[in-house]
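Numbering-wise (the numbering used here), the sequence shown opens with residue 19 and increments by one. Don't be surprised by glycine CBs; every beta carbon is placed ideally from N, CA and C. Just below is one structure, and these are the notes that go with it.
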Amino acid sequence: MNNAEDHYKNRVLNKVFNKNKLLTIIIPMVSVLLALLIGSVLLLFIEVNPLEAYKYLIFGNFTNIYNIAEIFVKATPIILTGLSFTFAFRTGLFNIGGEGQMFAGAMAAVFVGLKTGHLSPFITIPLCLLASIIAGGIWGMIPGILKGIFGSSEIIITIMFNYVALYLISYLVDKPLRESSGFYPQTDLIGENAFLPYVVSNTRLHIGFIIAILISVIVYIVLWKTPFGYRLRAVGHNPHGAEYSGINIKKNIIISLAISGALAGIAGFTEINGIHHRLLDNFSKNVGFDGIAAALLGSANPVGVVISSILLGMLQTGANSMQRGVGVPANIVSVIQALIIILVLAGNVLKPKIELILNSKERVLD
């Protein structure tokens, strides 16, 4: 009798697990399709054929190797800021400060890159990476301390820290770090020994993309395969239960936001050392928020974040092709991206109700 009961329980649990897994995949896919459908209505309003516009948006990315590489170039910082949001989210925190933490990492990378022009690339590049990790980590740890010790809202603080980092960059490139010629509000180029090597010749694709993939694997292992990650996820899932079991909530909040900030800081490193090679005023605008979109679309899972980031990179790269091909403003892609986020969130809200309906139908059939 016990074996029969255990078998029945396992069958029920497997059904529930499979449904959850299936809905986790279906909801983002349906959200993307609905967003494109709504976007096509907007295109019709401005008298543009949606099929032709989407042809350029999707297939315009694959006309040459440079455009294909640009998808991954765009995706690289989105992956890292998406992992940043994911790491905090799994601890029950909303880190909206990926943009500012990325800027902090960029400032640190530029400072080291400007001061180590005489060193070997094998020393300079790791030093820039380390500096970015530390700077981003500190930028994330401060809101973590305020949240963990004083109970402040991490959402408000991380948002405000975005503006602090943004205006700090504006000050640095306008005054103390302005280029030697003084023409533009930007720093001098960092040393060539700090440039990230390119993966594909005659493109901008650099090893930062490989670094981002490796870090996504590390984040997955840490969160799902280690006791440390289990404690962090326990805090996010049930903070009162975690505290009752002896987990230090305050300590884990601070550590989580520090690591989250460090991940976003690496995005600053890849953008500076891989793309711009100097600090510019408000460079890579909104990448931090694109990372949030990728994390939500990818169900806050590192694998999902990578796939979603490549999708967003494809949309951003294809936007230029669409603008050239049919004269549609590239900003229409931002509208589609926003619709995807809204629909994903709506789908997640409806997910328990969908599961309840499916369960009730199965009970009727049984």
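Residue i in three-state terms, based on DSSP
i: residue 137; result: coil
i: residue 248; result: helix
i: residue 202; result: coil
i: residue 298; result: strand
i: residue 374; result: helix
Range of the contiguous alpha helix (DSSP H) that encloses residue i
i: residue 338; result: 320 to 344
i: residue 192; result: 172 to 192
i: residue 102; result: 83 to 107
i: residue 230; result: 226 to 243
i: residue 69; result: 68 to 77
i: residue 307; result: 305 to 315
Whole-angstrom distance between residue j and residue i, CA atom to CA atom
i: residue 110; j: residue 242; result: 15 Å
i: residue 206; j: residue 180; result: 24 Å
i: residue 293; j: residue 222; result: 7 Å
i: residue 286; j: residue 299; result: 13 Å
i: residue 270; j: residue 108; result: 11 Å
i: residue 367; j: residue 323; result: 20 Å
i: residue 129; j: residue 276; result: 21 Å
i: residue 247; j: residue 253; result: 10 Å
i: residue 278; j: residue 155; result: 7 Å
i: residue 172; j: residue 236; result: 25 Å
i: residue 52; j: residue 325; result: 18 Å
i: residue 30; j: residue 40; result: Per-residue confidence for residue 30 stands at a pLDDT of 42, beneath the threshold of 50, marking its modelled position as unreliable; the derived number appears in the next sentence. Cα to Cα, the separation comes out at about 15 Å.
i: residue 281; j: residue 153; result: 10 Å
i: residue 389; j: residue 137; result: Given a span of 19 to 384 for the chain in the structure shown, any question on residue 389 remains unanswerable.
i: residue 347; j: residue 44; result: 30 Å
i: residue 56; j: residue 120; result: 32 Å
i: residue 19; j: residue 374; result: At residue 19 the pLDDT is 45, less than 50, meaning the model places this residue with poor confidence; the figure from the coordinates comes in the next sentence. Approximately 28 Å between the Cα atoms of the pair.
i: residue 151; j: residue 232; result: 15 Å
i: residue 159; j: residue 145; result: 21 Å
i: residue 169; j: residue 61; result: 46 Å
i: residue 230; j: residue 54; result: 28 Å
i: residue 96; j: residue 312; result: 7 Å
i: residue 105; j: residue 308; result: 16 Å
i: residue 220; j: residue 86; result: 12 Å
i: residue 319; j: residue 238; result: 8 Å
i: residue 100; j: residue 303; result: 15 Å
i: residue 251; j: residue 263; result: 13 Å
i: residue 195; j: residue 131; result: 13 Å
i: residue 260; j: residue 83; result: 50 Å
i: residue 161; j: residue 65; result: 47 Å
i: residue 213; j: residue 335; result: 23 Å
i: residue 182; j: residue 249; result: 31 Å
Proximity winner among the options, relative to residue i (alpha-carbon distances)
i: residue 291; options: 101, 87, 121 and 127; result: 127
i: residue 343; options: 63, 81 and 41; result: 81
i: residue 218; options: 210, 211, 202 and 228; result: 228
i: residue 113; options: 274, 125 and 329; result: 274
i: residue 77; options: 374, 340 and 354; result: 340
i: residue 209; options: 55, 134, 301 and 311; result: 134
i: residue 203; options: 359, 215 and 188; result: 188
i: residue 103; options: 355, 310, 166 and 168; result: 310
i: residue 149; options: 44, 288 and 192; result: 288
i: residue 178; options: 296, 164 and 318; result: 164
i: residue 147; options: 160, 122 and 167; result: 122
i: residue 47; options: 266, 314 and 320; result: 314
i: residue 332; options: 58, 141, 63 and 72; result: 72
i: residue 94; options: 297, 239 and 328; result: 328
i: residue 143; options: 183, 284 and 84; result: 284
i: residue 92; options: 357, 337 and 350; result: 337
i: residue 175; options: 117, 193, 140 and 131; result: 117
i: residue 166; options: 194, 79, 197 and 257; result: 257
Residue-level contact to chain C via CB, residue i, 9 Å cutoff
i: residue 123; result: Of the protein chains in the structure, only one exists, and it is not chain C.
Output the residue ranges of the alpha helix (DSSP H) runs that lie fully inside the stretch 254 to 291 and measure 4 residues or longer, sorted by chain position.
List check, alpha helix (DSSP H) in window: 257 to 262 and 267 to 289.
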